[in-house]
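Chains as they are written, first to last, in my numbering: chain A, 6 to 228; chain B, 6 to 228. Glycine residues also receive a C-beta, built at the ideal position from the N, C-alpha and C atoms. Computed from a prediction, not measured in an experiment: that's the story for all the values here. So the structure is just underneath, and the comments pick up after that.
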DNA sequence: GAACTGTATCAACACTGTGTCGAGAAGTTC
DNA sequence: GAACTTCTCGACACAGTGTTGATACAGTTC
């Protein structure tokens, strides 16, 4: 039970509703214990096979006490996903900048590589997020927003390349962007979770990027 | 309770394990009533909000009696999905033939249009199938097999076009096929269920086909 | 027409999991 | 040391799943 040495706690992050219901205090450890238990268990088995009791036990508290810290199992997972998404967004290289700096192929690769690295390390969490969407509106909204962000970026890239004359005309940029981003989502997810059929871990990006380039530039990009 | 007039019952289709457990008899009506109730309710609300009791009530029987006909709620949905998938496969035009007959763009369009028409009419069932995958291995396997079939077809197309010299080289045909089929799955699903962001009902195919053509032929196909 | 057999039905039960309530323990403040 | 806030949990109410055992109700079969 000895508290793990904490580098330093975030200065004054507003709890934002999802977490504990009361005010700030020291039962912070418990909250963290619950989150850590959830992350650990999610890498072991799917969300549906984890009960509130498992989370409580794992954090060394009783089930009712769990409800003091989180309103539901979903809320725990959403908190974890919030953070994962924030992590993924954090180091995000602007695609447009990356393209300008390294050229289309290398630029795209750098952006996507960087983007997906956050997800690759926690497949269980990714799966949980995906499992949550059917039943949980908040999860749906969160993911919608994430997708929307990517789509906006990619739309900008396509429009930019078209305006420069480096990419040919075609379907509206936003529509192309939606399809391409959806392809990436699906393919990366399948690969991450080892679905069948899915692309090989080491080839996913190669294949996806090739399709992006051909779709956007309307030709086989040599570079 | 009067039996609906049945055109004629299928001659001697083996029950194949999923349906009723006993032997053949006349409680066929009840089995059908359960399936119909499920289909109806699924277009009203998601699977998670439908209980075994709802299905039983809808079919005019008690909950235990439901279990005489199906081993679980999942089994009912799987039966429905089996049929939907069979429907979709049935009228399926061979892509290769369609391409040869109508050229790349029109051929692809004909194949995909035809394929997705079966799904478009029962979005609730599609959603249920998707909702089932996280928790139900059988659902996963079924969908895997479906995807595998499509991937095989598309792989053949790409290899054929490459061998004729009409399509340039690139990533292995199968890998391209996987990514493209996954894109379609995701995009069509999002559109069907009105996710945000998603492609407009009337544009999905245009956009997807354009990407397929550019990806496969490595150039903007004029035709 | 009595005994037999398989189909069909359901009340009652056992179980798992969620979320709530109310009584208190434990710490803090004045 | 009284009052307040934070934290904890036993006991409950509830919703849903799946099972058991008794029973009704055909048809046969003799």
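Residue-level contact to chain B via CB, residue i, 9 Å cutoff
i                      : result
residue 11 of chain A  : The predicted model places residue 11 of chain A with a pLDDT of 30, which falls under 50 and marks its position as unreliable; any figure quoted below should be read in that light. For residue 11 of chain A, the answer is no, since every Cβ of chain B falls outside 9 Å of its Cβ.
residue 185 of chain A : yes
residue 195 of chain A : yes
residue 48 of chain A  : no
residue 220 of chain A : yes
residue 125 of chain A : no
residue 112 of chain A : no
residue 118 of chain A : no
residue 56 of chain A  : no
residue 132 of chain A : yes
residue 149 of chain A : yes
Contact check, residue i vs residue j, beta carbons under 9 Å
i                      : j                      : result
residue 48 of chain B  : residue 129 of chain B : yes
residue 214 of chain B : residue 110 of chain B : yes
residue 151 of chain A : residue 223 of chain B : no
residue 156 of chain B : residue 131 of chain B : no
residue 115 of chain B : residue 103 of chain B : yes
residue 43 of chain B  : residue 140 of chain A : no
residue 163 of chain A : residue 216 of chain B : no
residue 190 of chain B : residue 149 of chain A : no
residue 123 of chain B : residue 154 of chain B : no
residue 143 of chain B : residue 204 of chain B : no
residue 188 of chain B : residue 192 of chain A : yes
residue 87 of chain B  : residue 137 of chain B : no
residue 63 of chain A  : residue 45 of chain A  : yes
residue 219 of chain B : residue 170 of chain A : no
residue 107 of chain B : residue 180 of chain A : no
residue 197 of chain A : residue 125 of chain A : yes
residue 4 of chain B   : residue 161 of chain B : An answer regarding residue 4 of chain B cannot be provided, because it is not within the stretch 6 to 228 covered by chain B.
Short CB-CB distance (under 9 Å) between residue i and chain A
i                      : result
residue 162 of chain B : no
residue 94 of chain B  : no
residue 129 of chain B : no
residue 1 of chain B   : The first residue shown for chain B is 6 and the last is 228, placing residue 1 of chain B beyond what the model contains.
residue 77 of chain B  : no
residue 192 of chain B : yes
residue 53 of chain B  : yes
residue 175 of chain B : yes
residue 211 of chain B : yes
residue 5 of chain B   : As shown, chain B starts at 6 and ends at 228. That puts residue 5 of chain B outside it, with no answer to give.
residue 204 of chain B : yes
residue 145 of chain B : yes
residue 135 of chain B : yes
residue 82 of chain B  : no
residue 153 of chain B : yes
residue 208 of chain B : yes
residue 223 of chain B : yes
residue 156 of chain B : yes
residue 180 of chain B : yes
residue 166 of chain B : no
residue 201 of chain B : yes
8 Å contact criterion, which residue i and residue j should meet: CB distance rounded
i                      : j                      : result
residue 159 of chain A : residue 182 of chain A : 4 Å
residue 81 of chain B  : residue 39 of chain B  : 6 Å
residue 74 of chain A  : residue 35 of chain A  : 6 Å
residue 167 of chain A : residue 184 of chain A : Not confirmed; about 16 Å, so no contact.
residue 93 of chain A  : residue 120 of chain A : 6 Å
residue 61 of chain A  : residue 50 of chain A  : The Cβ separation is near 17 Å, so there is no contact.
In DSSP terms, what residue i is bridged to
i                      : result
residue 224 of chain A : B/224
- Task: Give, in chain order, every unbroken run of the alpha helix (DSSP H) that is at least 4 residues long and sits entirely within the region 29–69 of chain A.
- Result: Qualifying alpha helix (DSSP H) stretches, in chain order: 33–47, 57–63.
- Unbroken alpha helix (DSSP H) runs of length 4 or more, entirely within the region 108–151 of chain B: which are they? 109–125, 128–137
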